[in-house]
Amino acid sequence: MGSDENLPRYRLLTGVDDAAFCERVSAALDLGYELHGGPALTWNGATGYVAQAVVWHKDGPTPAKPRPGA
603 MGSDENLPRY
613 RLLTGVDDAA
623 FCERVSAALD
633 LGYELHGGPA
643 LTWNGATGYV
653 AQAVVWHKDG
663 PTPAKPRPGA
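Residue numbers for the sequence shown follow the working numbering, so the first one is 603 and each next one is one higher.
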């Protein structure tokens, strides 16, 4: 089990389907997370919302949580 100072082993990233969401997924991959399954998408008639699960498969602890303001 990780500490409260580390990110969880499983993360479900969600948000509006835009470049910022893609950057969040890319940042998780850059940290060493791997995609888990395909993305999910829903549409409310005006905005698309997406979700992508990522998992930490490496031995050892997950990366530290970002510090506020860092």
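A virtual CB, placed ideally from N, CA and C, is assigned to each residue, including glycine.
Note that the structure is a prediction, hence the values are computed from the model and not measured.
When the alpha-carbon of Ala622 is set against those of Arg669, Ala653, Gly671, the nearest one is in Ala653.
For the pair Leu615 and Val627, the CB atoms are nearer than the 8 angstroms cut-off. Sequence-distant partners of Leu631 (beyond 5 residues in either direction) whose C-beta falls short of 8 angstroms from its own C-beta, in its chain, are Leu637, Val656. Per DSSP, Ala630 is one residue of the alpha helix (DSSP H) stretching across 621-633. If you look at Arg613, you'll find it in the beta strand (DSSP E) that goes 612-618.
DSSP lists Trp645 as the beta-bridge partner residues of Gly650.
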